[in-house]
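Worksheet for the structure shown next.
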Amino acid sequence: MQIILLGTAAGGGVPQWNCWCPTCRTARADPGRVHHRTQSSIAVSPDGARWFLINASPDVRDQLARLRSAGSIPAATVRHVPIEAVLLTDAELDHSLGIVLLREARSLALYATDAVARVLEHDSRVLPMTRAFATVTVSPLPIDQPVPLHDRIGAASGLTAEAFTVRGDPPRFASDHAPGHTVGLVIRDVATGGCLAYVPGCGAMDEAVVRRLRAADAVLFDGTFWRDDELSALGISPHSARSMGHVPIDGPDGSLAVLASLPAAIRVYTHINNSNPVLIEDSAPRAAVHAAGLIVGDDGLTFAV
Ligand code: MLT
Ligand code: MN
Ligand code: ZN
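Under our numbering, the first residue of the sequence shown is numbered 7, with each subsequent residue one higher.
Spelled out as structure tokens, the structure:
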């Protein structure tokens, strides 16, 4: 299975349009020291030709251009949709607004939990809006049960997806908080057994989550905040990282201590908020992440499991 990190920033991107925090300032003044990043999304492929998008960010148009080299389009082909389907981990705007932006596809296949599908249908109304332009099918992602992912012609792709619930904060506009509003995904390559855990939002390192991460060959994990009081310390917001559904990287109950002990050869932070000092290439927090055997995700990073 091939994996491309299309976007590695949390909502707002890096730099964020209205933010002049130290990291955003550095990103503007010295992009070699804080790399610009688009909002979190990945693409996975069993063969380098058929790609599944996981989360559709507001930056999806530019992000999909990274997949263009992956397939050669016959000269007679006028329209070509370079993805087989879109999988969702939640219905937050940074992960779902891109669905509307894919309306030109004419037909779009989604995989989502029932809870996520309900928010997209009734609260954000992303699905009714997109259906005005395209046929949208939503296949269920049951909890704790792998499902085969099908390509655009309905054939088994060779990948399966399994959703597992994680502690999280439902979208502010969600009218119900049913389990499954925020999930991690295990993507498995049936032929090779290669296994990816993608968890861009996670509020706590509880046992069930850690068990999932321990079984994966590659882990892409919530790197939103370095510390719990990051936004209040900057005067940006009174909310703590945990109250927003994001376990901080640092600290005794942070994610780094747990992720450092995992067997996965590839462990990467993604969905990184622009306030997070790990984004600064020569910072002490960045060095601590590296010392623990992890890397800080960058847009365009590609690997295989
Ligand atoms: C989150 O990751 O918690 C959400 O995307 C927050 C937001 O975008 O408002
Ligand atoms: Mn987000
Ligand atoms: Zn900022």
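Every residue gets a Cβ at the ideal spot worked out from N, C-alpha and C, and that includes glycine.
Sufficient close CB pairs (3 or more, under 8 Å) joining the segment 38-45 to the segment 132-146
No, because fewer than three Cβ pairs between the segment 38-45 and the segment 132-146 fall closer than 8 Å, the two stretches do not touch.
The beta strand (DSSP E) spanning Gly312 covers which residue range?
The structure shown does not extend to residue 312, since the chain is modelled only from 7 through 311, so no value can be given for it.
Kindly indicate which three-state DSSP category Cys208 falls into: helix, strand or coil?
In the displayed model, Cys208 falls within coil according to three-state DSSP, outside both helix and strand.
Say the cut is 7 Å; is the CB of Asp228 nearer than that to a heavy atom of the ligand MN?
In this structure, the C-beta of Asp228 stays at least 7 Å away from each heavy atom of the ligand MN.
Endpoints, alpha helix (DSSP H) assigned at Ser102
That run of the alpha helix (DSSP H) goes Leu99 to Leu107.
Would you give the residue range spanned by the beta strand (DSSP E) that Gln69 belongs to?
Premise fails: Gln69 lies in the alpha helix (DSSP H), Val66 to Leu70, not in any beta strand (DSSP E).
6 Å CB neighbourhood of Gly260 in its chain, flanking five on each side removed
A distance below 6 Å between beta-carbons, with the five flanking residues on each side excluded, links Gly260 to the following residues of its chain, in chain order: Pro254.
Answer with buried or exposed for His252, where buried requires no fewer than 16 other C-beta atoms within 10 angstroms of its C-beta.
His252 comes out buried.
In whole angstroms, give me the CA-to-CA distance for Val295 and His128.
About 40 Å.
How should Val205 be labelled, buried or exposed, when 16 other C-beta atoms within 10 angstroms of its C-beta is the threshold for buried?
Under this definition Val205 is a buried residue.
Would you kindly report the start and end of the unbroken alpha helix (DSSP H) that includes Leu133?
From DSSP, the alpha helix (DSSP H) with Leu133 extends over Val132 to Arg137.
Is Leu99 a contact residue of the ligand MLT, with contact defined as CB to any heavy atom under 7 Å?
Within the cutoff, so yes.
Let me know if Ala224 comes out buried or exposed under the rule of 16 or more other beta-carbons within 10 Å of its beta-carbon.
It counts as buried.
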